[in-house]
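Visitor:
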Amino acid sequence: MASDFDRLLDATIQHLRELQARGVRHVPVAPETLAALRRPVIRPAARPPA
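Encoded structure:
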């Protein structure tokens with residue numbers, strides 16, 4: 000079963016392909032979005048097995 004993330008990713012890819020089929024070559028992206036994508040993901044440290 001696909002996760003919510005997988006479904007969102009598939010929908011995003013489909014949307015971008017539809018835009019491409021209509022001749023769209025660039026999509027606008029806000030500077031804030033680009034900045035957020037550049038930030039590293041901080042994951043909690045793994046706990047040792049009990």
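If you read the sequence shown in numbering that gives the first Met the number 0, its first letter stands for residue 0, the second for the next number, and so on. Note that the Cβ used here is the ideal one computed from N, Cα and C, for glycine as well.
#1: Going by the CB atoms, is the gap between Leu18 and Val26 shorter than 8 Å?
#2: Give the range of the alpha helix (DSSP H) segment to which Ile16 is assigned.
#3: For a test of the three-state rule: what should DSSP assign to Pro27, helix, strand or coil?
Guide: According to the structure shown:
#1: yes
#2: One detail in the question is off: residue 16 reads as Arg in this sequence, not Ile. Taken as a continuous stretch (DSSP letters only), the alpha helix (DSSP H) holding Arg16 covers 3-20.
#3: coil
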